[in-house]
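Reviewing the structure listed below.
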Amino acid sequence: MSNRILIVDDDPDILSMLTRFFTNYTPRYLVDTAIDAQNALSQLTKSPDLILLDVNLPDIDGFTLINQIRQLSTVPIIFLTARVSDQDKIHGLSSGGDDYVVKPFSLGELSARVSAHLRRETTPKHQDQIAVFGCTIINYTSKTVCVDSHLLNLAQKQYQLIEILSQNPNQVFSREQLYERVWGYDALGNSHVIAEHVRRIRGQFEQYHVTPPIETVWGVGYRWTS
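Written out as structure tokens, the structure reads:
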């Protein structure tokens, strides 16, 4: 099976060049590209085996992006950038990067580094199941939710509510349906507890100035707005 590489760079010429090179290289790679951090995060759902990451991106810099990626994945990341100072290299490697290649670079050297990092990743491992909704990233494997790189401090029931709603975006669930799914059919209690948990979930999104994705459908219940 071919390895998958994600290339993140806002320069279309570099994206085009590297895509042609790696898709025609022996062995050939599957290549995905992203021109900004938001698009890069959404591409994580494809489970890349390695990421080539530029530091200078139009929305956030690569150092900030790698912090977000590292909360979700241990995929090897090679910085590919024109920043040449020792401080930049130290910053890149200490923030979670595995290697640092300075532009302009030799395609031969780059391919050798890519191959070397992929060889170190030959141990089979389970790929995390990840979903991205704007700046909200849910890792269903580790049962975590990140908003703008912040890990939410969710109670177990709150995470379960997010999981059910987010895996069925735009589907409306009544409070009774959510209560039965999370607490079980035989649980003792009142479905009105759902409203309190939803209120607390929304509060965690709002503390980071993000509109909560759980919408109230008045008289019916709740839905996840993707």
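According to the working numbering, the sequence shown is numbered sequentially starting from 60.
For glycine and all other residues, C-beta sits at the position ideal for the given N, C-alpha and C.
Q.
Quick check on the burial criterion: 16 or more other C-beta atoms within 10 angstroms. Buried or exposed for Leu-100?
A. Residue environment: Leu-100 is assigned as buried (16 or more neighbouring CB atoms within 10 Å of its CB, all protein chains considered).
Q | Helix, strand or coil at Phe-164 according to DSSP, with G and I counted as helix | A | DSSP, read as helix, strand or coil, puts Phe-164 in coil.
Q: Return the CA-CA distance between Glu-265 and Val-257, expressed in angstroms with no decimal places.
A: Separation of Glu-265 and Val-257 (C-alpha to C-alpha, rounded to the nearest whole angstrom) is 12 Å.
Q) With 16 other CB atoms within 10 Å as the buried threshold, where does Val-204 fall? A) Label assigned to Val-204: buried.
Q. In chain order, what residues of the same chain lie with their CB nearer than 7 Å to the CB of Arg-142, ignoring the 5 residues before and after it?
A. The answer, listed in chain order, is Val-114.
Q: Determine the contact status of Tyr-267 and Val-191, defining contact as a CB-CB distance below 7 Å.
A: When the beta-carbon positions are compared, Tyr-267 and Val-191 stay at least 7 Å from each other.
Q: Out of Gly-262, Ala-254, Trp-283, Arg-178, state which residue places its alpha-carbon closest to the alpha-carbon of Asn-212.
A: Closest by alpha carbon: Gly-262.
Q. What residue from Arg-87, Phe-80, Asp-70, Ser-165 has the CA that sits closest to Ser-61's CA?
A. For Ser-61, the closest alpha carbon among the candidates Arg-87, Phe-80, Asp-70, Ser-165 is that of Arg-87.
Q. Terminal residues of the continuous beta strand (DSSP E) containing Gly-280?
A. 280-283 is the span of the beta strand (DSSP E), which, as asked, contains Gly-280.
Q. What are the boundary residues of the alpha helix (DSSP H) that Arg-302 is part of?
A. Outside the modelled stretch of the chain, which goes from 60 to 285, sits residue 302, for which no answer is possible.
Q. DSSP state of His-176, grouped into three classes?
A. His-176: helix per DSSP, three-state reduction.
Q: State the beta-bridge partners of Val-67 as determined by DSSP.
A: In DSSP, Val-67 forms a bridge with Ala-93, Leu-112.
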